[in-house]
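First the structure, in the form of structure tokens, and then the observations on it.
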Amino acid sequence: MKPARIIILAVAVVAAGLAGLLAMSLTGNRPEQLVETVVERAPTVRVLVSAENLPVGSRLNENTLQWLDWPKDGIAEGFITNEARPDAVKELEGSVVRLPIFKGEPIRSEKVADSSSRIMSSLLPSGKRAVATEISVATGAGGFVLPNDRVDVIMVRADKDGGGAFITENVLNNVRVLAIDQNIQEAPDGSKSVVGTTATLELTPDQAKVIVVAQQMADRLTLALRSVADAQEADTQGADYLLHGGGKSDIQVIKSGSIITGSTQQAK
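So, in structure tokens, the structure goes:
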């Protein structure tokens, strides 16, 4: 091979090598740059929440309350914060729950009442009245009526002109039970059971008058337990005719096993 060709081939090889080195330096040999993503944590505030499910009438204490970190921009008016009330757990000791509170739910003043001897008055919404009526296992849905349940109040009375017939009618519909007064009764076999003897109902002023009149007229008042699905139905109705001694109301006359539907005027 001629020397000139050898020189040209050598120059080409060297040029190719230099080009390869240059390409590697521009791409493969460049050090990798690590990009670190920094996530900033949103500021939080400690909020007082329920440590367990709290039914109506239960009392607050250090075991039922706890502090929980809460996003600062999610604080609503009425929340109790550690910044504003650091001694809130001690201050709320013994307070009464007016409305159901669920686990993890912030404690709000609207749902609790301060501890005092007048617990029932703290459970009553504004404008409502608490009226008690006697019940038994037979007249209280077998003992299954509990506080915060909804019931109808059914009046049963003898028809003086009906020859042994009885008149039944709803005097109150879908009213809320505030409390059940419970006593321990011992059965003949020695076992003990808890039976409510008095139900306290949440009523409007007119409904309170209705049940007082019904208690005087009735041979028996029975509480009929309503489904929880009926809680949204109206609860302010009542047998208003009892307030005025007249008017009409739907009744049922039970005579010789037959049921006859009529009105108060027909039953007279």
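2 is the number of the first residue of the sequence shown in the numbering used here; add one for each residue after it.
For glycine and all other residues, C-beta sits at the position ideal for the given N, C-alpha and C.
G105 and S51 do touch by the CB rule: their CB atoms are close to 7 Å apart, below 8 Å.
In this structure, the beta-carbon distance from R99 to V132 does not fall below 9 Å. In this structure, the CA atom of G239 is about 35 Å from the CA atom of I108. For D153, DSSP records a beta bridge to A225. Counted as a single uninterrupted DSSP element, the stretch harbouring Q67 is not any alpha helix (DSSP H) but the beta strand (DSSP E) occupying residues 66 to 72. Residue burial is scored here from C-beta neighbours: K129 has at least 16 other C-beta atoms within 10 angstroms and is therefore classed as buried. About 16 Å separates the CB atoms of L124 and L93; that is not less than 8 Å, and the two are not in contact. Nearest Cα to T199 within the set A180, D207, I212: A180.
Assigned with DSSP and collapsed to three states, S137 falls in coil, not helix or strand. When DSSP reads this structure, E203 sits in a beta bridge with A131, R177. Here A235 is exposed, its C-beta having fewer than 16 other C-beta atoms within 10 Å.
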